[in-house]
Every structure is written in structure tokens, then in C-alpha cells.
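Novice:
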Amino acid sequence: MVLSKTRAFIIPLEASECIDLYDPWLLHRFDHEDMAFLGPSNSRRDFGTISLAVSVPDGIGRQTTTNCHFYAFGWYSGRLDLAHFSLVEASMYTPQYTAIQPWVEGWDRSSMEFMQKLNDQGVPKQSGVLIRLGKTGNTFLVTFTVERLSSKDVCTHVYWKVIFSCAVYPTSECPKIQQGQWQMGTVHLGRTT
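Each position in the sequence shown, counted from 1, maps to that position plus 2 in the working numbering.
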């Protein structure tokens, strides 16, 4: 059987050199070889999270490392107005993440319920993470782009590809992070192509 015929929905992930992707969840819906979340046709459970380890030179001979969490919801529909994506710095939301972890690990959770838990805990929906690079006057921006693709060689439906990237800016010129609410049917954050 051709693999693309068994994949109803997929969200492949790609990262630049400064980013390592690790610890995907739900693990049984993640293909490590293709670096992609997979899903059946049940749109109630179309969510996935993955951690990012970001390591960049700080400009004074050392590496600055931070960990981030990426959240993806609503991507089964193929409609960007129903999809939600967010990238947050992990250390800023450790207590909140710890508080919802037992709930998240339970079975039969829906995207809506998961987004509500994030909202209740104050975990934002945002377009990226800013990392100040010490006294250099620079800021490192970690962000993502969402591409809408369609290929019957990959899966049976329209799908999204998420590309994580990094860039250094003088702090005064660094783009602002966009924030929004976790609500189905609202516009996602991040760039689309």
C-alpha cells in the first residue's frame, strides 16, 4: 500500500540549522523519519506539540541556548482560518505547562479543550520568540512560516508545512511578536505563503 494513501492529514516540520526539533507529542501521531505530525480524518483531535532547542552565538564567543514549544491546532481542515499555531519560550511557561501536563496526557482530548487549557493557564498564541543576546545590542528572533501545499504523493488532502527559522536583528529593528487568543475560527499567527 502506498503510504500517501493512508495519510489523510499531515503537517511536516522543517527547521534551520540553529534549531533542533525534539519531544513531539502526541508521539503516536508523529513520523520521525518525515518529521511530520500525521492524522486520521477525525478533526476533533488535530493537534500536536513539539519542542525546539535553539542555539545561537551570542556575539561574545559563547552560545546562547533556549528551548521553545510549538503548538499546532486545527490543521486537519485545510483552512487557515481554522488553524492555530504558536511558538513560545518554554522557560517562561514551565509552571503553566506543568499544570496542564497530567490533563494533556489523558486520552480523548480535543483541540478545543487543549486550546482552552492553554488559554486558562495564560500560555499565549504568538508568532515567535525573541532572545536577547547579552550586551551585544542584538536580538535573535525564532519564528515560523506556514505553507499551504497539496500533493497526492504526500497525503490525501491539502496540508500545511511549518518552517522554523532564525535571524539576528539589532534590537531596535527586530520585528514585533504578534499575540492572539486561542479561538477556533480566528486567523493564525506567523507568516503564510
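By construction, the Cβ of each residue, glycine as well, lies at the ideal position given by its N, Cα and C atoms.
(1) Is it the case that the region 156–165 contacts the region 10–26, given that we only count it when at least three CB pairs across the two stretches are under 8 Å?
(2) Figure out for me which residue from A169, N69, L120 and N121 has the closest Cα to the Cα of F142.
(3) Which complete beta strand (DSSP E) runs does the region 57–105 hold, if anything under 3 residues is left out?
(4) Applying the criterion that 16 or more other CB atoms from any shown protein chain within 10 Å of the CB defines a buried residue, is G139 buried or exposed?
(5) DSSP on E175, reduced to helix/strand/coil?
(6) Do the region 48–66 and the region 14–23 make contact, defined as three or more Cβ pairs closer than 8 Å?
(7) Round the Cβ separation of R181 and K127 to the nearest angstrom and send it over; I've been treating them as touching at under 8 Å.
(8) In three-state terms, what does DSSP make of S113?
(9) In this structure, how does DSSP classify G139 when only helix, strand and coil are distinguished?
(10) Name the DSSP beta bridge partners of E149, please?
(11) Within 10 angstroms of the Cβ of W77, are there 16 or more other Cβ atoms? Answer buried if so, exposed if not.
(12) What is the rounded straight-line gap between the Cα of G124 and the Cα of V90?
Specialist: So, to answer that:
(1) yes
(2) A169
(3) 65–75 and 86–91
(4) exposed
(5) helix
(6) yes
(7) Reading off the sequence shown, one finds Gln at residue 181, where the question assumed Arg. Correct: roughly 7 Å between the Cβ atoms.
(8) helix
(9) coil
(10) K163
(11) buried
(12) 12 Å
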